[in-house]
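Numbering (my numbering), first residue to last: 335 to 660.
Positions of the beta carbon are idealized from the N, C-alpha and C atoms, including for glycine.
These numbers were taken from a predicted model, which means no experiment stands behind them.
One structure below.
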Amino acid sequence: MLDDWEVALSSISFPDSQAYVPPNVFGDYPMAMSVATKPVSGGRPHPERRRKFWVRSRQIEESDVPVKDGISFVKKMIQHLLSEFYEGLEEGSTWGDADEHQGIPEFEWMQRGKQVDLHIDNTKTHTYSQHTYLDIDIEMAQAFGLVKFAMSKEPGKPGYWVRGDSLQIRHTALPTLPRPGNHGIMKNGKAVWWQVVNNAAAPGRKAKTYRALRLHSFNDWYITDINDNFDKKFGSATRTLLVYTDVAQSQIVGAGMTDFIREVEYNSKFGGRVLYEPLHLHYIPVRRNVIDVIEVVVGETSGRDTNFAGGTVILTLKFERRSHRR
């Protein structure tokens, strides 16, 4: 009899541990850097010789280095950005000067307890050019908690951008870091250390513009909670996943019916395939007496389907008669 048959998840094997970052989730150019260059023969960098260098989304997608968490994702971004910078300078151009001003920020990773922060160090960035800055696509900036949009409390007035909790600013008294006012970067009479620009330039003669968070080089920046914010967007390396299948009878979970069969613990920190074998099998009555195709879905606890970078999910189901089980 159909009522006597039950099914349980015996094992499940997940593909590689690389986090799945959907193509262009942070726009075509998630990060860019503007730098004022100078002739090799000497002189100071000049705004008219400024160059902008972009990281393209496809560079992240096509890279052989796996993305396991937020830190590895941002490291790949910076690696490609600096590579574009060093390889893309025009022949006969250089940067920096005799005073050891290097013209570009230093990117330093700093351990803070269990957290790892990104320190954008501008102490040696040129003091005489407002054209040195970082652009971060607004979608990426919001996902990593660097900026957020606030609605105005006054009716009829537009909303505004505020700095997020994961973007820390450090002012210094070093003469190498002038104030924005020295370069006319002001808004409503106040200095602008960062801003959201609606017309960040993309590469190409007929390039479109895009919206970006612009971090100026008049101070140091710290980007914190990188892994936590990445996990909120794409899922943690260690988390609980839910397995659904249409072969078992629907169950009441929470306020609704679902084809849920088992929750599994997913841990991809060590790389390779992830195998889960429950210590105790949880049997559920079978829905059908004729089984041709079995549909299986792996989902997050948030309700969305889980995306994997590649490979297949291998599932083993065990069917057994209740009357034969002791």
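task: Starting from the C-beta of V647, find all residues in its chain whose C-beta is less than 8 angstroms away, skip the five residues before and the five after it, and write them out in chain order.
output: I346, S347, F348, P349, V630, V632
- prompt: Do the CB positions of A475 and D403 come within less than 8 angstroms of each other?
  reply: no
message: Does W555 pass the burial test, meaning 16 or more other C-beta atoms within 10 Å, or should it be called exposed?
response: buried
- request: Helix, strand or coil for S657, going by three-state DSSP, please let me know.
  value: helix
task: Report buried or exposed for L547, applying the criterion of at least 16 other Cβ atoms within 10 angstroms of its Cβ.
output: buried
- prompt: Mind checking whether I650 and L576 have CB atoms under 8 angstroms apart?
  reply: One point to set straight first is that residue 650 is Thr, not Ile, in the sequence displayed. No, the pair does not count as a contact, with Cβ atoms beyond the cut-off.
query: alpha helix (DSSP H) containing L547: first to last residue?
result: L547 -> not in any alpha helix (DSSP H); beta strand (DSSP E) instead, spanning 543 to 550.
query: What is the DSSP secondary structure of G633, counted as helix, strand or coil?
result: strand
message: Going by the DSSP bridge assignment, what does D639 pair with across the sheet?
response: G633
message: Which residues does DSSP list as the beta-bridge partners of Q445?
response: V450
query: Can you tell me the Cα-Cα spacing of I438 and T466, whole angstroms?
result: 7 angstroms
task: May I ask you to report which of helix, strand or coil DSSP gives M411?
output: helix
query: Leaving out five residues before and five after E340 in sequence, what residues of the same chain have Cβ atoms less than 7 angstroms from its Cβ?
result: Y617, I618, P619, V620, E654, R656
message: Applying the 10 Å Cβ sphere with the 16-neighbour rule, what's the burial state of D338?
response: exposed
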